[in-house]
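Heads up, the thing below is written out as structure tokens.
Residue numbers (this note's numbering): 22 to 442.
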């Protein structure tokens with residue numbers, strides 16, 4: 022007998038749980054030791070997105086493996102399905118899983134411009150669910166109230182709601198929800214003009230929104246926030262427990278920045294002219310990553326001025342900015358009349374990725390290096406040819422020129438190490 026077959030059942034079941042269920046069943050022919058082991062696997066994965074696949078064979082396979090499953094608890098069910106699977110079949114599989122004490126459902130429906138899939142009502146009263154992930158699903162027909170008393174993680178991607186009250190009712194049925202990941206299409210698609218997230222227990226929230234929508238948040242326990250997208254308005258309550266935030270939006274930022282006063286790690290990408298809040302001090306902020314593609318340098322100076330504990334600053338062009346030439350008026354920076362005290366007495370690490378050596382970049386780099394008296398290391402990474410979109414191209418000679426220009430810049434800290442690469 023091979024060595025792997027000598028392992029305890031718990032080890033073998035863990036290994037089998039990492040495989041698609043189709044491959045798990047194939048192990049039943051290896052030996053008597055493996056013949057019935059597949060029935061005890063607590064995690065099941067099914068996928069049918071190939072339009073040319075035999076739909077009838079797939080349905081019979083899922084029916085058989087689900088009905089014959091003897092796992093004490095069905096820990097997870099992952100369904101990645103195409104439109105050839107009917108709602109009748111899908112509903113049957115979900116109901117069977119719920120009856121077996123389903124803990125996690127990951128449902129991904131590739132609808133190809135057809136109506137999103139509807140799931141059975143029994144799913145929304147499943148008292149054992151701890152993780153629920155839905156993609157391309159319609160919740161129009163869900164009957165409320167629902168109950169997710171153990172649910173801690175909820176992912177909704179391109180989900181259709183009946184109206185703006187539907188997500189509120191859904192979230193209010195999750196009393197211990199900690200993680201919420203929401204990806205929306207345009208508001209006229211999901212039927213919600215104003216999306217409210219009122220979850221006192223929520224600790225992690227990721228939001229990618231469509232255009233023209235409104236986001237309202239009251240999440241006092243939140244520790245991680247990521248906002249991305251454009252065209253929506255945000256109304257965010259106080260976030261006293263926030264530790265890390267990624268803000269990449271094209272909307273009013275006054276309310277957002279005010280709510281993030283307690284954040285320790287922050288990424289900012291604001292492609293439009295921001296509204297700077299008054300009286301806001303980021304007392305806990307230690308690391309700031311600022312997206313240099315937005316060219317709104319006033320907000321960078323504002324953050325440096327109002328972040329007394331900032332030790333690390335990273336500049337990075339993460340999304341790209343199309344510039345015809347260096348004379349582009351949008352790509353301009355003016356040295357402020359006063360130097361932020363954070364630069365002079367606190368900042369220790371500077372990193373600039375996708376640095377191209379443009380006149381404006383050189384002026385800003387000079388300002389930062391000259392006035393950062395406590396700086397220990399400054400790292401500059403050049404942009405490659407694929408990332409550079411201006412009339413100057415980053416060649417070997419260009420990199421050498423950039424390196425020499427940076428090396429000649431005065432440094433306010435004698436201990437500062439300049440790294441280029």
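Even glycine gets a Cβ: it sits at the ideal position worked out from N, Cα and C. Computed from a prediction, not measured in an experiment: that's the story for all the values here.
Asked: Kindly list the residues whose CB is nearer than 6 angstroms to the CB of residue 373, restricted to its own chain and excluding five residues on each side of it in sequence; keep chain order.; Found: 336 and 401
Asked: What is the residue span of the alpha helix (DSSP H) that residue 323 lies within?; Found: 318–326
Asked: Within the continuous alpha helix (DSSP H) that includes residue 188, where are the two ends?; Found: 186–193
Asked: Using DSSP with H/G/I as helix, E/B as strand and the rest coil, what is residue 55?; Found: helix
Asked: Just to confirm, are residue 167 and residue 191 a CB contact at a threshold of 9 angstroms?; Found: yes
Asked: Cα separation between residue 441 and residue 403?; Found: 8 angstroms
Asked: Smallest Cα separation from residue 419: which of 41, 438 and 379?; Found: 379
Asked: Between residue 388 and chain C, is any beta-carbon pair separated by less than 9 angstroms?; Found: The structure shown has no chain C; it contains just one protein chain.
Asked: Helix, strand or coil for residue 92? Go by DSSP, reduced to three states.; Found: coil
Asked: When you compare only the Cα positions, how much space is there between residue 71 and residue 202?; Found: 27 angstroms
Asked: Which whole-angstrom value is the C-beta distance of residue 100 and residue 124, which I expect to be below 8 angstroms?; Found: Between residue 124 and residue 100 the Cβ distance is about 15 angstroms, and since that is not below 8 angstroms, they are no contact.
Asked: Anyone know if the C-beta pair for residue 159 and residue 137 falls short of 9 angstroms?; Found: yes
Asked: Can you tell me where the beta strand (DSSP E) holding residue 47 begins and where it ends?; Found: Residue 47 -> not in any beta strand (DSSP E); alpha helix (DSSP H) instead, spanning 42–47.
Asked: Count the other CB atoms, across all protein chains shown, that sit within 10 Å of the CB of residue 323; report buried if there are 16 or more and exposed otherwise.; Found: buried
Asked: For residue 327, is the classification buried or exposed, using 16 other Cβ atoms within 10 angstroms of its Cβ as the cut-off for buried?; Found: buried
Asked: Start and end of the alpha helix (DSSP H) containing residue 116?; Found: 108–120
Asked: Can you check whether the CB of residue 430 is closer than 9 angstroms to the CB of residue 393?; Found: no
Asked: Have a look at residue 245 and residue 260 and give me their C-alpha separation to the nearest angstrom.; Found: 10 angstroms
Asked: So residue 392 is in the alpha helix (DSSP H); what residue range does that whole segment cover?; Found: 380–392
Asked: Would you identify the three-state DSSP class for residue 359, choosing helix, strand or coil?; Found: coil
Asked: Where DSSP assigns a beta bridge to residue 247, which residues make up the other side?; Found: 227 and 267
Asked: Between the Cα of residue 358 and the Cα atoms of 132, 84 and 319, which residue gives the shortest distance?; Found: 319
Asked: Near residue 257, which residues of its chain fall below 7 angstroms by C-beta distance, leaving aside the five closest residues on each side in sequence?; Found: 238, 276, 277 and 280
Asked: Beta-carbon within less than 6 angstroms of residue 68's beta-carbon, same chain only, minus the 5 sequence neighbours each way: which residues are those?; Found: 101
Asked: Alpha helix (DSSP H) containing residue 201: first to last residue?; Found: Where residue 201 is concerned, there is no enclosing alpha helix (DSSP H), although the beta strand (DSSP E) it sits in stretches over 200–204.
Asked: For a test of the three-state rule: what should DSSP assign to residue 25, helix, strand or coil?; Found: helix
Asked: If you reduce the DSSP assignment to three classes, tell me which class residue 430 lands in.; Found: coil
Asked: According to DSSP, simplified to helix, strand and coil, what is residue 343?; Found: Confidence at residue 343 is low in this model, with a pLDDT of 47, below 50, so the placement of that residue is unreliable and no value is reported for it.
Asked: What residue range does the alpha helix (DSSP H) around residue 34 cover?; Found: 30–37
Asked: Return the residue from the list 249, 375 and 116 that minimises the CA-CA distance to residue 88.; Found: 116
Asked: Determine the DSSP secondary structure at residue 132, reduced to helix, strand or coil.; Found: coil
Asked: Short of 8 angstroms in beta carbon distance, which residues of its chain neighbour residue 48, apart from the five on each side in sequence? Order them along the chain.; Found: 37, 55, 58 and 59
Asked: According to DSSP, is residue 419 part of a helix, a strand, or is it coil?; Found: helix
Asked: Does the Cβ-Cβ distance between residue 367 and residue 395 come in under 9 angstroms?; Found: yes
Asked: I believe residue 42 touches residue 65 by the beta-carbon criterion, under 8 angstroms. Please report the beta-carbon distance rounded to the nearest angstrom.; Found: 5 angstroms
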